[in-house]
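**Student:** The listed protein sequences derive, respectively, from chains A and B.
Just so you know, our numbering puts 121 at position 121 of the first sequence, and the rest follows in order with no gaps.
If you want our numbering, it's the position in the second sequence, counting the first as 1, plus 338.
Where a beta carbon is used, it is the ideal one built from N, C-alpha and C, also for glycine.
Have a look at this one.
There are 2 protein chains.
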Amino acid sequence: MPATIKDIAKAAKVSRSTVSRVLNDSGYVKEETRERVLAVIEELNYSPSAIARSLSNKRSNTIGVVVPDINNPFFAEMIKGVTRVADAEGYRLLLVDSDENNEKEQLALQALKEQRIEGLLIVATPAKEKKSLEHLRWMRSHHIPVVLLDGHMKYDEFDGVFIDHYQGAHEATLALIDAGHKRIGIMTGKLSSRPAMERLRGFQDAMAERKMTSYDEDILFGDYGHEKAYRLTKEMLMRDKRPTALFISSNQMVLGMMRAVSELGLSIPKDLAFIGFDRLETLNLIGMNCSTVDAHTVEVGELAMKRLIQRLDNEKLKTAHRVLRPDLSLRGSESKSK
Amino acid sequence: MPATIKDIAKAAKVSRSTVSRVLNDSGYVKEETRERVLAVIEELNYSPSAIARSLSNKRSNTIGVVVPDINNPFFAEMIKGVTRVADAEGYRLLLVDSDENNEKEQLALQALKEQRIEGLLIVATPAKEKKSLEHLRWMRSHHIPVVLLDGHMKYDEFDGVFIDHYQGAHEATLALIDAGHKRIGIMTGKLSSRPAMERLRGFQDAMAERKMTSYDEDILFGDYGHEKAYRLTKEMLMRDKRPTALFISSNQMVLGMMRAVSELGLSIPKDLAFIGFDRLETLNLIGMNCSTVDAHTVEVGELAMKRLIQRLDNEKLKTAHRVLRPDLSLRGSESKSK
DNA sequence: GTGAAAGCGCTAACAT
DNA sequence: ATGTTAGCGCTTTCAC
Numbered sequence: 001m002p003a004t005i006k007d008i009a010k011a012a013k014v015s016r017s018t019v020s021r022v023l024n025d026s027g028y029v030k031e032e033t034r035e036r037v038l039a040v041i042e043e044l045n046y047s048p049s050a051i052a053r054s055l056s057n058k059r060s061n062t063i064g065v066v067v068p069d070i071n072n073p074f075f076a077e078m079i080k081g082v083t084r085v086a087d088a089e090g091y092r093l094l095l096v097d098s099d100e101n102n103e104k105e106q107l108a109l110q111a112l113k114e115q116r117i118e119g120l121l122i123v124a125t126p127a128k129e130k131k132s133l134e135h136l137r138w139m140r141s142h143h144i145p146v147v148l149l150d151g152h153m154k155y156d157e158f159d160g161v162f163i164d165h166y167q168g169a170h171e172a173t174l175a176l177i178d179a180g181h182k183r184i185g186i187m188t189g190k191l192s193s194r195p196a197m198e199r200l201r202g203f204q205d206a207m208a209e210r211k212m213t214s215y216d217e218d219i220l221f222g223d224y225g226h227e228k229a230y231r232l233t234k235e236m237l238m239r240d241k242r243p244t245a246l247f248i249s250s251n252q253m254v255l256g257m258m259r260a261v262s263e264l265g266l267s268i269p270k271d272l273a274f275i276g277f278d279r280l281e282t283l284n285l286i287g288m289n290c291s292t293v294d295a296h297t298v299e300v301g302e303l304a305m306k307r308l309i310q311r312l313d314n315e316k317l318k319t320a321h322r323v324l325r326p327d328l329s330l331r332g333s334e335s336k337s338k
Numbered sequence: 339m340p341a342t343i344k345d346i347a348k349a350a351k352v353s354r355s356t357v358s359r360v361l362n363d364s365g366y367v368k369e370e371t372r373e374r375v376l377a378v379i380e381e382l383n384y385s386p387s388a389i390a391r392s393l394s395n396k397r398s399n400t401i402g403v404v405v406p407d408i409n410n411p412f413f414a415e416m417i418k419g420v421t422r423v424a425d426a427e428g429y430r431l432l433l434v435d436s437d438e439n440n441e442k443e444q445l446a447l448q449a450l451k452e453q454r455i456e457g458l459l460i461v462a463t464p465a466k467e468k469k470s471l472e473h474l475r476w477m478r479s480h481h482i483p484v485v486l487l488d489g490h491m492k493y494d495e496f497d498g499v500f501i502d503h504y505q506g507a508h509e510a511t512l513a514l515i516d517a518g519h520k521r522i523g524i525m526t527g528k529l530s531s532r533p534a535m536e537r538l539r540g541f542q543d544a545m546a547e548r549k550m551t552s553y554d555e556d557i558l559f560g561d562y563g564h565e566k567a568y569r570l571t572k573e574m575l576m577r578d579k580r581p582t583a584l585f586i587s588s589n590q591m592v593l594g595m596m597r598a599v600s601e602l603g604l605s606i607p608k609d610l611a612f613i614g615f616d617r618l619e620t621l622n623l624i625g626m627n628c629s630t631v632d633a634h635t636v637e638v639g640e641l642a643m644k645r646l647i648q649r650l651d652n653e654k655l656k657t658a659h660r661v662l663r664p665d666l667s668l669r670g671s672e673s674k675s676k
């Protein structure tokens, strides 16, 4: 079994408090004894128990982070941002993959409570039974601050850092209009998700502002996935009258769209122009230039963690929502053929 | 402050041990009292402290997982696998991103020791100063089993689950030969990494076995990145005499290669055929069919975690290395034009 | 079946 | 400057 503070104390012929002092360099301790203690620590290969310390301290130094899918670059980047500032500020992270699954999310929250996390960052999934919301409230009522990361839910009662989906879609749509397209469509994500709805609104408002005619059949109801996008695009491309440009609400759907276009022997942007939501690094790297709305996901993570720390220092801040505007990068796929 | 077991005991008019018993359903407790206790727990919204339990138990129930980069899908998938079995077996994960940085890795290992992890899964980075190796040995000497996940290092003294890079490259090369290519090259990864070296060997052995002539200038020394791959490919494509096919040691490099090919107005596989290492999902989804060697990364994670659990149960197993053969998926990019 | 008491490894007053 | 003494919240003998 590993050496304890007691072993160190005995070997260094001092009391446990002295050892504790050199460990945390708190309080006074003569240089001479400090060195002796340090030597013993080194010699016995002593590693203090964070567990015991936490119990005594009543400080776990741990932040819980819950995301729907670690493999999704979108969330992975947020985590990167969170990690960055957590490291810098000396917080440990307990990372949980809720797998888009309400039940798992709840178990996770349960477990995190038991771990006595000091704060929680969460990409909240839409809670049918409101169970998750209850957990979040429990956290808050127990003085565990909660900061929401962009996602389906946007509860006013908690701090949060969000992406401006509306604005991103709005700008993208204007860019398509400015490129000279007369008939423009949208492929939406699952409309049960907040971001998908906001993007749709952004699109519609932009169209209305510019007095563009909207056709109902130009709203393609996708589900964020590439497969459905493929089918929808194919159907659309076989119509007589159709949009010359599309705003596409997710990068996966852009991929499906592209497959449809290429299978029909058509090309981008000549036969169909588009702007997508979320970067498409891979495609840009091989020289297929995709115009996209780029959200600052890493920054979302950083800001959220910073906000959490602020709140840890001062519980009495009023809740705030930070909303980040995405960037529009035009690379050519939005162009209108003359 | 949260309710403690003591509060529950008082409110339920029983002793702390009884509460503890119902919490862990250990020992006997009358149905009636159990219900009363449960009721109080519910009412007081009690959540037991994992910290206190761990201290008492001397069991943290926690496994440390260290990877060089959470954002890299390669490692993200391993984590997915690890998570899967950890969840099922009731272990908590402490996930650390070492950022390919030796110093960070060491700090992380240090921190994990203090957290009293019961086991460690690590994608070890090449340790210049052997400091990491010392940490790993420390772990073992303190009865904390270590299982290596495929990566740069392959220390014989620890259990590990690896990918058969040699075999993958070997098979891919044979496939190119079978496709009818007479002159075949390779683009390597950073040769300081074990996988890159093994892949190179696999390529060379396959060439030799089939008595193919190898040209020194057909070994392109890449660095895993797309930028260098782009330059190397461009140079190669401008030569008079050159390979008609390439085995490319990473997916990022495939991307750079493709950009070079398309910029020169050439096409795949007509002007240059290839097989790459690591899947290229995105490209396959848009209908560019890339032949690749697919490693079973999720499985690496699963097997490693399972192995760790075995060792947790039985410290005295002899160390073993499990090596997984990747699959070759041919999708057309390897074809020879007639 | 249930309770009393000791102890897990550390910190934090409070003395000295 | 250093030691003494209580806990922190839980589990676990050992009694009864």
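Can you name the residues that DSSP bridges to V293(A)?
**Tutor:** Looking up residue 293(A) in the first sequence gives position 293. V293(A) is bridged to F277(A), L328(A).
**Student:** When you compare the stretch 581 to 592 of chain B with the stretch 560 to 570 of chain B, are there three or more beta-carbon pairs, one atom per stretch, that lie closer than 8 Å?
**Tutor:** Yes: the two stretches touch, three or more of their Cβ pairs being nearer than 8 Å.
**Student:** Could you check what DSSP says for F158(A) in three-state terms: helix, strand or coil?
**Tutor:** Within the first sequence, numbered from 1, the residue matching residue 158(A) stands at position 158. Residue state, collapsed to three classes: coil.
**Student:** Extract the residue ranges of the alpha helix (DSSP H) inside the stretch 448 to 483 of chain B, only unbroken runs of 4 or more that lie entirely within it.
**Tutor:** List check, alpha helix (DSSP H) in window: 469 to 479.
**Student:** Name the residue from N45(A), A12(A), I163(A) whose alpha carbon lies nearest to the alpha carbon of P326(A).
**Tutor:** Stepping through the first sequence from its first residue, residue 326(A) is reached at position 326. Looking at the Cα atoms, I163(A) is the closest of the given residues.
**Student:** Measuring only the C-alpha atoms, how far is Q115(A) from L433(B)?
**Tutor:** In the first sequence, residue 115(A) corresponds to position 115, counting from 1. In the second sequence, residue 433(B) corresponds to position 95, counting from 1. Roughly 15 Å between the two C-alpha positions.
**Student:** Considering Cα atoms alone, identify which of F615(B), A517(B), V378(B), P483(B) is closest to T582(B).
**Tutor:** As a position in the second sequence, residue 582(B) is number 244, starting the count at 1. Residue A517(B) is the option with its Cα nearest to T582(B).
**Student:** P447(B) and L486(B): beta carbons closer than 9 Å?
**Tutor:** As a first step, residue 447(B) must be located in the second sequence, where it is residue number 109. As a first step, residue 486(B) must be located in the second sequence, where it is residue number 148. Correcting the residue identity first, residue 447(B) is Leu in this sequence and not Pro. No, the pair does not count as a contact, with Cβ atoms beyond the cut-off.
**Student:** Is the Cβ of S605(B) closer than 9 Å to any Cβ of chain A?
**Tutor:** Here residue 605(B) refers to the residue found at position 267 when the second sequence is read from its first residue. Closer than 9 Å: no.
**Student:** Work out the CA separation of E495(B) and A642(B) for me, nearest whole Å.
**Tutor:** Here residue 642(B) refers to the residue found at position 304 when the second sequence is read from its first residue. Here residue 495(B) refers to the residue found at position 157 when the second sequence is read from its first residue. Cα to Cα, A642(B) sits roughly 15 Å from E495(B).
**Student:** Can you name, in chain order, every residue of its own chain whose Cβ lies under 8 Å from the Cβ of Y155(A), other than the five neighbours on each side?
**Tutor:** For the purposes of this step, residue 155(A) is taken as the residue at position 155 of the first sequence. Correct list, in chain order: A124, L133, L136, L148.
**Student:** If you measure from the beta carbon of M258(A) to each beta carbon in chain B, is any gap under 9 Å?
**Tutor:** For this step, residue 258(A) is matched to residue 258 along the first sequence. Yes, M258(A) lies at the interface with chain B (some Cβ there is under 9 Å from its Cβ).
**Student:** Please name the residue, chosen from V404(B), L393(B), K451(B), that lies closest to N439(B) on a Cα-to-Cα basis.
**Tutor:** Along the second sequence, one-based indexing puts residue 439(B) at 101. With distances taken between Cα atoms, N439(B) lies closest to V404(B).
**Student:** In its own chain, which residues sit with a C-beta less than 6 Å from the C-beta of G64(A), not counting the 5 before and 5 after it?
**Tutor:** Position 64 of the first sequence, counted from the first residue, corresponds to residue 64(A). L94, L112, I117, L120.
**Student:** Quick one, are the C-beta atoms of R16(A) and V29(A) less than 9 Å apart?
**Tutor:** Residue mapping note: residue 16(A) aligns to position 16 of the first sequence, counting from 1. Residue mapping note: residue 29(A) aligns to position 29 of the first sequence, counting from 1. Not a contact, by the Cβ cut-off of 9 Å.
**Student:** Nearest-angstrom Cα distance between F75(A) and P533(B)?
**Tutor:** Along the first sequence, one-based indexing puts residue 75(A) at 75. Along the second sequence, one-based indexing puts residue 533(B) at 195. Taking the straight line from one Cα to the other gives about 28 Å.
**Student:** Report the start-end ranges of each alpha helix (DSSP H) in the stretch 191 to 244 of chain A that is 4 residues or longer and not cut off at the edges.
**Tutor:** 194 to 209, 226 to 237, all fully within the stretch 191 to 244 of chain A.
**Student:** Please say whether S291(A) and S333(A) have beta carbons closer to each other than 9 Å?
**Tutor:** For the purposes of this step, residue 333(A) is taken as residue 333 along the first sequence, with counting starting at 1. For the purposes of this step, residue 291(A) is taken as residue 291 along the first sequence, with counting starting at 1. The answer is yes: Cβ separation under 9 Å.
**Student:** Determine the chain B residues that contact S98(A) at a beta-carbon separation under 7 Å, and present them in chain order.
**Tutor:** As a position in the first sequence, residue 98(A) is number 98, starting the count at 1. Residues of chain B passing the Cβ test: none, with the nearest at roughly 11 Å.
**Student:** Identify every residue that forms a DSSP beta bridge with H321(A).
**Tutor:** Here residue 321(A) refers to the residue found at position 321 when the first sequence is read from its first residue. DSSP, once it has assigned bridges, lists G160(A) as partnering H321(A).
**Student:** For M187(A), list the residues DSSP reports as bridge partners.
**Tutor:** Within the first sequence, numbered from 1, the residue matching residue 187(A) stands at position 187. Its beta-bridge partners are L220(A), I248(A).
**Student:** Over what stretch of residues does the alpha helix (DSSP H) that includes T62(A) continue unbroken?
**Tutor:** Reading the first sequence from its first residue, position 62 is the one you call residue 62(A). Not the alpha helix (DSSP H): T62(A) falls in the beta strand (DSSP E), residues 62 to 67.
**Student:** Just checking, does the stretch 537 to 545 of chain B make contact with the stretch 573 to 580 of chain B on the three C-beta pairs under 8 Å criterion?
**Tutor:** They do not touch, by the three-pair rule.
**Student:** Please classify K644(B) as buried or exposed, where buried requires at least 16 other C-beta atoms within 10 Å of its C-beta.
**Tutor:** By 1-based counting over the second sequence, the position of residue 644(B) is 306. By the neighbour-count rule (16 or more Cβ atoms within 10 Å), K644(B) is buried.
**Student:** Which whole-angstrom value is the C-beta distance of E302(A) and R92(A), which I expect to be below 8 Å?
**Tutor:** Indexing the first sequence from 1 puts residue 302(A) at position 302. Indexing the first sequence from 1 puts residue 92(A) at position 92. The Cβ separation is near 17 Å, so there is no contact.
**Student:** For the stretch 370 to 389 of chain B, list every residue whose C-beta sits within 8 Å of some C-beta in chain A, in sequence order.
**Tutor:** Going along the stretch 370 to 389 of chain B in chain order, one finds N383, S385, P386, S387, A388, I389 with a Cβ nearer than 8 Å to chain A.
**Student:** On the CB-based measure, 16 or more other CB atoms within 10 Å of its CB, does G81(A) come out buried or exposed?
**Tutor:** By one-based count along the first sequence, residue 81(A) stands at place 81. By the neighbour-count rule (16 or more Cβ atoms within 10 Å), G81(A) is buried.
**Student:** In whole angstroms, what is the alpha-carbon distance linking G256(A) and A229(A)?
**Tutor:** To locate residue 256(A), count along the first sequence from 1; it is residue 256. To locate residue 229(A), count along the first sequence from 1; it is residue 229. About 5 Å.
**Student:** Please report how far the alpha carbon of V636(B) lies from the alpha carbon of D488(B), in whole angstroms.
**Tutor:** Here residue 636(B) corresponds to residue number 298 of the second sequence, with the count starting at 1. Here residue 488(B) corresponds to residue number 150 of the second sequence, with the count starting at 1. About 11 Å.
**Student:** Can you pull the DSSP bridge partners for R372(A)?
**Tutor:** Outside the shown range of chain A, which is 1 to 338, sits residue 372(A), and nothing can be said about it.
**Student:** Looking only at C-alpha atoms, which of I408(B), V631(B), K442(B), H659(B) sits nearest to R310(B)?
**Tutor:** Residue 310(B) lies beyond the residue range present for chain B, which begins at 339 and ends at 676; the question has no answer from this structure.
**Student:** Could you tell me whether any Cβ in chain A is nearer than 9 Å to the Cβ of L439(B)?
**Tutor:** Within the second sequence, the letter at position 101 stands for residue 439(B). The residue you asked about is not Leu; residue 439(B) is Asn in the sequence shown. Answer no: the Cβ-Cβ gap between N439(B) and chain A never drops below 9 Å.
**Student:** Apply the 10 Å Cβ neighbour rule to L604(B) and answer buried if 16 or more other Cβ atoms are within range, or exposed otherwise.
**Tutor:** Along the second sequence, read from residue 1 onward, the residue named residue 604(B) stands at position 266. Exposed, because fewer than 16 other Cβ atoms sit within 10 Å of the Cβ of L604(B).
**Student:** Using Cβ-Cβ distances below 8 Å, what residues of the stretch 112 to 135 of chain A are close to chain B?
**Tutor:** Against chain B - using a Cβ distance shorter than 8 Å - the residues of the stretch 112 to 135 of chain A are K113, E114, Q115, R116.
**Student:** Which one or two residues does DSSP pair with R92(A) in a beta bridge?
**Tutor:** For the purposes of this step, residue 92(A) is taken as residue 92 along the first sequence, with counting starting at 1. Answer is T62(A).
**Student:** Measure the CB-CB distance between I346(B) and I389(B) and report whether it falls below 9 Å.
**Tutor:** On the second sequence, position 8 is the one that residue 346(B) refers to. On the second sequence, position 51 is the one that residue 389(B) refers to. No; because the gap between Cβ atoms is not below 9 Å, this pair is not in contact.
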